[in-house]
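**Student:**
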DNA sequence: TTAATTGTACTAGAACAAATAGTACAAGGA
DNA sequence: TCCTTGTACTATTTGTTCTAGTACAATTAA
């Protein structure tokens, strides 16, 4: 798994891992049911402590992105559509918040549209 | 000055203050040349330590938003247009980054447009 | 002149979250 | 049996933020 970490960022390592795996799922690079690396293995790969990966996996499991099976391994959930939808929704509402901020500052919708890559 | 602080947020207090003052400048609520509260005064108002305000003011000064004059007080910079422009630019590029992410996930520009409040 | 207010500049410590280190257990598979 | 898996726990380290406290110089107002 190709995961880039930024140790300078304010975002905790474990959350960066969560975000990257969610991104890989949304991009279909990780497929439903697919097994992902064991905690210890990914810890070695990324050069972080296993507990950090454990925390990331716990978060992903609570969000329904992955399923951990004792002694078997960890797998991408079977129904990925919900994960994708949630992710898209959150990005869209993020953008809309920022559009609102631009309007408050005094830009009108036309000016804003002009500057967006659409 | 009406500044709302969120003590639960991951964003440090001093950065929240920086952001709020930049926002008030962009909204023309704080005008060029206008004096803003003394460090100790704002610290009392917001219920934080003066050093925290000092750090926020230092950051704002390094960004050219305010000017601190020893024994005089602290003032909004005379040329506010640069501040506004920088702020707008950063929001716009933020939005464009997210649009790109949505495209990577598989939405086309039309679908994205439909969901934006424009 | 005197007192109050201003920004500035330090050091020290408290508080908190993140990450590390280490150990141990139970269960499945080769 | 031995290895790998996820799980669970405690203790420690680290870095950042924030607080606490003190002091100084310069301006302003009484």
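Protein chains in written order, with the working numbering: chain A, 7 to 124; chain B, 7 to 124. Think of the CB as a built atom: it goes at the ideal place given N, C-alpha and C, for glycine as much as any other residue. As the structure is a computational prediction, the values presented were derived from the model and not from experiment.
With 16 as the cutoff for other CB atoms within 10 Å, does residue 28(B) come out buried or exposed?
**Tutor:** Buried, because 16 or more other Cβ atoms sit within 10 Å of the Cβ of residue 28(B).
**Student:** I want to know whether the stretch 90 to 109 of chain B touches the stretch 47 to 59 of chain B - three or more CB-CB distances under 8 Å.
**Tutor:** No contact exists between the stretch 90 to 109 of chain B and the stretch 47 to 59 of chain B.
**Student:** Quick one: Cα of residue 38(A) to Cα of residue 14(B), how far?
**Tutor:** Approximately 35 Å between the Cα atoms of the pair.
**Student:** In chain order, what residues of the same chain have a beta carbon less than 7 Å from the beta carbon of residue 24(A), not counting five sequence neighbours either side?
**Tutor:** Once the five neighbours on either side are set aside, the close Cβ partners of residue 24(A) are 62, 65 and 66.
**Student:** Residue range of the beta strand (DSSP E) that residue 79(A) falls in?
**Tutor:** Counting along the chain, the beta strand (DSSP E) containing residue 79(A) begins and ends at 79 to 82.
**Student:** Residue 17(A): buried (16+ other C-beta within 10 angstroms of its C-beta) or exposed?
**Tutor:** Counting Cβ neighbours within 10 Å, residue 17(A) comes out exposed, since fewer than 16 surround it.
**Student:** How long is the line joining the alpha carbons of residue 7(A) and residue 118(B), rounded to whole angstroms?
**Tutor:** For residue 7(A) and residue 118(B), the distance between alpha carbons rounds to 29 Å.
**Student:** Return no unless some Cβ of chain A is closer than 8 Å to the Cβ of residue 69(B).
**Tutor:** No, because no Cβ of chain A sits closer than 8 Å to the Cβ of residue 69(B).
**Student:** Enumerate in chain order the residues of its own chain whose CB-to-CB distance from residue 79(A) is below 7 Å, with the five nearest sequence positions on each side excluded.
**Tutor:** Only 41 and 44 meet the Cβ criterion.
**Student:** For residue 90(A), which option in 108(A), 122(A) and 34(A) has the closest C-alpha, if you only look at C-alpha atoms?
**Tutor:** For the residues 108(A), 122(A) and 34(A), the minimum Cα distance to residue 90(A) belongs to 34(A).
**Student:** Please tell me whether residue 100(A) has its Cβ less than 8 Å away from any Cβ of chain B.
**Tutor:** Answer yes: the Cβ-Cβ gap between residue 100(A) and chain B drops below 8 Å somewhere.
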